[in-house]
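Asks: Structure incoming, see below.
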Amino acid sequence: MGHQFVLLISATIFCVGAAGFLIRKNPLIMFMSVELMLNSVNFLLIGFSSFQKSMDGQIFALMIMTVAAAEVVVGLAIILTIFRTRHDMDVDHINTLKG
Amino acid sequence: MFSYCWFILISPLAGFVLLSWFGNGMSRQRAGFLGCASVGISFLITLIALTSFLLGGENEKGGISTLYNWVTAGSFSLNMSILVDPLSVFMLLIITGVGFVIHVYSIGYMEKDPEFSRFFSYLNFFIFSMSLLVLAADFFFLIVGWALVGLASYLLIGFWKEKTSAVLAARKAFVMNVIGDVGMVIAAFIIFDHLGTLSFLEVFAAAKTTFRPNDDTILLITVFLLVGAFAKSAQIPLHTWLADAMEGPTPVSALIHAATMVTAGVYLIARCHVLYELAPFTMYLIATVGVVTAIFAGSMAMVQYDIKRVIAYSTMSQLGFMFLAVGLGMYSIAMFHLMTHAFFKALLFLSAGSVIHGLNEEQDIRKMGGLRHSMPITHITFLIGSLALAGFPLTSGFFSKEAILINSYHADMGNIVFWAMAILGAIMTGFYIFRVYFYAFSGQPRTDVTAHESPLIMIAPLGLLAFLSLTAGFGGGMIDDFLVNYFGTHMSHPDDVLLETIGLSAGLIGIVGAVGFYMTGKDRLEFAKQILAPLYDLLFNKYYIDEIYDFLIVKPTRATGAFLEKRAERLGIDFAVDQVGSQVREVSRLISLWQSGSVRLYAFNMIVGVVTILMFVVFL
Amino acid sequence: MFELDLFELTKATVTMLVGLTAVLASLGVILCSSPIYCALYLIGHMICLALLFLLYNAEFVAAVQIIVYAGAVMILFLFIIALLGGKKEIQEPSTERSLAIVFVVTMLGELFLSATVGPTRPVEGAFDAQTVAEVGGSAKAIGLELFSRHVVAFELASALLLVAAVGIICLSKFSYVPLRRRMK
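Residue numbers (this note's numbering), protein chains in the order written: chain A, -15 to 83; chain B, 3 to 622; chain C, 128 to 311.
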């Protein structure tokens, strides 16, 4: 399949992820949406690495996975801590950063 | 050629640095020794330079020793260099010589002061600054030294910083001196603008060809230089600080406010005599101001009761004589009087210091009396100093003052008015100093304090200075021969027996007058006071000059300040600043509403931003 | 010149199907109200993506995708859900949400439009299996690249993982509440 297929699919997944981040209130699912967005970009990189006959895209994808793994681990730990202190999973109630 | 002369500067500077850094940890002996030794080394090096002048034929005009090129900016070039010539060596001899003697004296005078080492570090700093002033080879370093001696003077007047009057006096001296500094700087600017250089020798060489006599420019330059000279040497109208400067420790008064720093103005005019000879108007102005200051200060000295203030006014008066001399073009006579004055005035101050020391910080002559029995040596030295100041025959002051008096008539610009005023000044001199002498040393003690003679370390410098005050007058011819290499003209000795006799008798008349008033009972004195009451009040209040300055300058400035504070500051500036502050706060409050703390709103904003950017990418 | 290549056709069909499945699975992630279903949909989505990677001749990344994402990361998610309890989320429509969806759809439209513009560099056609086989497989190719040109990035990534490990230890060890008590 051509490059436009890759672009369309990854754009769609990215927008689905963004929508999920905006409309969901559960931080866990918001995290999953972030993973969706990261994965869409990974797919884009892999596809274009193939089209450009270059390994760079795959290396990038690998790095993004590493970063995503680290991010998920830390993020989940933060969610856990928040839940332990507040017993509340609604992000709209977490507004201590209010200026 | 004269590179060793740099050590004249380095030695006191090193003393200053060492004393100010490590002084607190030093014992008094060590700090005092260090302070004296650093000046002593300078004195020895100056002696070497003097010897090389006296022996060496080819470099008798002196030379410049350059360390390195400091600044080059366009056509402006400035070297780190010193000018060693007869005039600077002559000044250095006085500065380091008298300075050394006064350093030694200070060890005794300041023995009980808790901040002994600070005092000596300041003194060393002063010696460094003053040496820099006279060794400077260009106007730039002259001004640097000029300002640094002002700073040293400020630090030393305010040395007893817990005394409010001392701090105020220091501030006054500093402000007055800075007025002079500004004048000097402006003069330097004009010089550079017209001649393109600041180096003395180049300026003097160029000035002769560039300027015609009494040119506008040369008049401006000389007058602005004169502002500096008048401020530093306490001439009218910038004289008010000197009497107040007596709040400082007495060795400071002797060193800075009698022997060395205040003579810087005379030195400046002598150094720049080439410029001044091109401006006869300014010369006339100098002579006039000098002679007016001489009688003006002398008259104030006649009625003061603070022993140090009397000597301070006397210093102003004698400086007036020096200015008269330089104003009439008699430079070597002025320098000669400068030297003898340094000796006998330092002697008088140190003797007065010895009296004050012996009477436990008593300065009012009405509370002294009969000290000739309890302080015999101080009595003798004070008497010698007084005689020299009054110009008693064959003392040093006699020769130098006589030369000024006679030349004030016989010099090219001299006239009968100058002469008469100078004679009047000389009569006052004899009167006021013997008034102090009779008050302090004759009669019966007026207080219960039992005076005691000062320790040897204070007496020895007095003895040395007394010897010099008696004999230095005979060196006039030598000094003239030495300085002719710089000034190019010899002292003139007009033969005029009549004037000489009058001049000689002037001092004696003053002395006799003092005897008449102060040795023969109170009645005559009280009678004179009543008759001359208005005049007496005028003199006692120093011609109300301080009050006039207060009324003309300080009060209007304060009033303007208060007005601006109330109107412009509160209603204009404060209001504007407050408004800026509160408006910024209001706007930021509005902006901070945006920071809701809601993560999803932030993410939404990001998406909006991305959408907007993509709009540009896609549609443009 | 039109020539029907059965293999290519099959591959294109499969790619299309897997891609659509991935999109559907992602929609499932954001639309399910129960977190546990969301996580399961996400696993499905990951597997679809891994298949897509395979179809684009990136075998190594596909394997990593399965192991790291579908394996480790999703297991972590499931554990957290089990720990916190998979409470259902009541989703009521609100202006905020509709506004967000409007903007996201706008963004999607813009992305689609930009996708039709075409690449700035000419597309040379996909990797074929032979090219990958010539360098000795995808893993070897990546390894060669990773340890030669990208070695700094590699080391930094490993450092990042270490920092993350230390970070979560701190987060879980020193909880917020006792810290507050200690400050008093």
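Each residue gets a CB set at the ideal place from its N, CA and C atoms; glycine is no exception. Here the structure is a predicted model, which means the values were calculated and not measured.
Tell me the start and end of each unbroken alpha helix (DSSP H) in the stretch 279 to 324 of chain B that is at least 4 residues and wholly inside, in chain order.
Replies: Listed in chain order, they are 282 to 303.
Asks: Do Gly355 (chain B) and Met460 (chain B) have their C-beta atoms within less than 9 Å of each other?
Replies: Their beta carbons are under 9 Å apart, which means Gly355 (chain B) touches Met460 (chain B) by this criterion.
Asks: In chain order, what residues of the same chain lie with their CB nearer than 8 Å to the CB of Lys311 (chain C), ignoring the 5 residues before and after it?
Replies: At Lys311 (chain C) the pLDDT is 44, less than 50, meaning the model places this residue with poor confidence; the figure from the coordinates comes in the next sentence. Excluding residues within five positions, none has a Cβ falling inside 8 Å.
Asks: Give the DSSP-derived three-state secondary structure of Ala236 (chain B) in the structure shown.
Replies: Note: Ala236 (chain B) maps to coil in three-state DSSP.
Asks: Residues of the stretch -10 to 22 of chain A in Cβ contact with chain B at a cutoff of 7 Å, in chain order, please.
Replies: Going along the stretch -10 to 22 of chain A in chain order, one finds Ala2, Phe5, Leu6 with a Cβ nearer than 7 Å to chain B.
Asks: Going by alpha carbons, who is nearest to Val419 (chain B) out of B:Phe176, B:Phe122, B:Val293, B:Ser67?
Replies: When each option's Cα is compared against that of Val419 (chain B), the closest is B:Val293.
Asks: Listing by chain order, which chain A residues have their CB less than 9 Å from the CB of Phe239 (chain C)?
Replies: The contacting residues are Leu(-9), Leu(-8), Ala(-5), Thr(-4).
Asks: Whole angstroms are fine: how far does the CA of Gly270 (chain C) sit from the CA of Gly264 (chain C)?
Replies: Taking the straight line from one Cα to the other gives about 10 Å.
Asks: Residues of chain D with CB closer than 9 Å to the CB of Leu179 (chain C), please, in chain order.
Replies: In summary, chain D is missing from the structure at hand, where the protein chains are A, B and C.
Asks: Nearest chain C C-beta to Arg602 (chain B) closer than 9 Å, yes or no?
Replies: With 9 Å as the cut-off, Arg602 (chain B) counts as an interface residue toward chain C.
Asks: Which whole-angstrom value describes the C-beta separation of Gly230 (chain B) and Thr431 (chain B), a residue pair presumed to lie in contact below a C-beta threshold of 8 Å?
Replies: At roughly 26 Å, the Cβ-Cβ gap does not stay under 8 Å, so Gly230 (chain B) and Thr431 (chain B) are not in contact.
Asks: Going by beta-carbon coordinates alone, are Met47 (chain A) and Ala284 (chain C) separated by less than 9 Å?
Replies: Contact: yes.
Asks: Pick out whichever of B:Ala281, B:Thr397, B:Ser22 has its Cα sitting closest to the Cα of Arg214 (chain B).
Replies: Measuring from the Cα of Arg214 (chain B), the nearest candidate turns out to be B:Ala281.
Asks: Which term fits Glu549 (chain B), buried or exposed, when burial requires 16 or more other beta carbons within 10 angstroms of its beta carbon?
Replies: Flag for Glu549 (chain B) reads exposed.
Asks: Could you compute how far the alpha carbon of Arg120 (chain B) sits from the alpha carbon of Asn417 (chain B)?
Replies: The alpha-carbon atoms of Arg120 (chain B) and Asn417 (chain B) are separated by roughly 49 Å.
Asks: One question on the structure: do Asp246 (chain B) and Ala296 (chain B) come within less than 9 Å of each other, judged by their Cβ atoms?
Replies: Not a contact, by the Cβ cut-off of 9 Å.
Asks: Taking the C-alpha atoms as reference points, what is the distance between Arg309 (chain C) and Lys300 (chain C)?
Replies: Any reading at Arg309 (chain C) must be qualified, since the residue scores a pLDDT of 49, below 50, and its modelled position is unreliable; the value itself is stated next. Cα to Cα, the separation comes out at about 15 Å.
Asks: Excluding the 5 residues preceding and the 5 following Met128 (chain C) in the sequence, name in chain order all residues of the same chain whose CB lies nearer than 6 Å to its CB.
Replies: Its pLDDT being 47, under 50, Met128 (chain C) is placed unreliably in this model, and the value from its coordinates should be taken loosely. For Met128 (chain C), where only same-chain residues beyond five positions count, there are no Cβ hits under 6 Å.
Asks: By the 8 Å beta-carbon criterion, what residues does the stretch 193 to 215 of chain C contribute toward chain A?
Replies: Against chain A - using a Cβ distance shorter than 8 Å - the residues of the stretch 193 to 215 of chain C are Val195, Tyr196, Ala199, Val200, Leu203, Phe204, Ile207, Ile208, Leu210, Leu211, Lys214.
Asks: Hey, out of B:Tyr124, B:Phe102, B:Phe142, B:Leu540, whose CA is closest to Val73 (chain B)'s CA?
Replies: Ranking the options by Cα distance to Val73 (chain B), first place goes to B:Phe142.
Asks: When you compare only the Cα positions, how much space is there between Val18 (chain A) and Val(-10) (chain A)?
Replies: So the two alpha carbons sit approximately 19 Å from each other.
Asks: What's the C-alpha gap between Leu622 (chain B) and Thr614 (chain B)?
Replies: The alpha-carbon atoms of Leu622 (chain B) and Thr614 (chain B) are separated by roughly 12 Å.
Asks: Under 8 Å Cβ to Cβ from Ala348 (chain B), same chain only, skipping five residues before and after it: list those, please.
Replies: Result list for Ala348 (chain B): Val100, Val103, Ile104, Ala256, Leu257, Ala260, Ala261, Leu467, in chain order.
Asks: Below 8 Å CB to CB, which residues in the same chain sit around Met304 (chain B) once its five sequence neighbours on both sides are set aside?
Replies: For Met304 (chain B), where only same-chain residues beyond five positions count, the Cβ hits under 8 Å are Met430, Phe433, Tyr434, Arg437, Leu541.
Asks: Who are the Cβ neighbours of Val425 (chain B) in its own chain at under 7 Å, not counting the five residues just before and after it?
Replies: The amino acid occupying residue 425 (chain B) in the given sequence is Ile; Val does not appear at that position. The residues are Leu407, Ile504, Gly505, Ala508.
Asks: Along the chain, which unbroken stretches of the alpha helix (DSSP H) at least 4 residues long are found entirely within the stretch 347 to 398 of chain B?
Replies: Listed in chain order, the complete alpha helix (DSSP H) runs (minimum 4 residues) inside the stretch 347 to 398 of chain B are 373 to 376, 378 to 392.
Asks: Report yes if the C-beta distance between Ala208 (chain B) and Leu197 (chain B) is below 9 Å; otherwise report no.
Replies: Contact: yes.
Asks: Given Ile288 (chain B), which residues of its chain have a CB within under 7 Å of its CB, disregarding the five upstream and five downstream residues?
Replies: Closer than 7 Å at the Cβ level, and outside the excluded window around Ile288 (chain B), lie Leu228, Ile271, Phe325, Val328, Gly329.
Asks: Identify every residue that forms a DSSP beta bridge with Tyr70 (chain B).
Replies: Tyr70 (chain B) pairs with B:Met82.
Asks: Establish whether the CB of Lys311 (chain C) and some CB of chain A are separated by less than 9 Å.
Replies: Below a pLDDT of 50, predicted positions are generally treated as unreliable, and Lys311 (chain C), at 44, falls in that range; the measurement from the model is reported next regardless. Output row for Lys311 (chain C): interface = no.
Asks: Would you tell me roughly how many angstroms separate the C-alpha atoms of Ile194 (chain C) and Gln257 (chain C), rounded to the nearest one?
Replies: Each residue's Cα considered, the two are about 26 Å apart.
Asks: Can you give me the Cβ contacts of Lys531 (chain B) inside the same chain, cut-off strictly under 6 Å, excluding the 5 residues immediately before and after it?
Replies: If we look at Lys531 (chain B) and ignore the five residues flanking it on each side, its Cβ neighbours are Tyr538.
Asks: Are the beta-carbon atoms of Ala453 (chain B) and Gly512 (chain B) separated by less than 9 Å?
Replies: Contact flag unset, no.
Asks: Taking 9 Å as the CB-CB limit, is Glu190 (chain C) close to chain A?
Replies: Position check: residue 190 (chain C) holds Ala in this sequence, whereas Glu was assumed. Output row for Ala190 (chain C): interface = no.
Asks: So, is the C-beta of Thr137 (chain C) closer than 9 Å to a C-beta in chain B?
Replies: By this cut-off, Thr137 (chain C) is not an interface position.
Asks: Counting only C-beta atoms, is Leu226 (chain C) closer than 9 Å to chain B at any point?
Replies: Yes - at least one Cβ of chain B is within 9 Å of the one on Leu226 (chain C).
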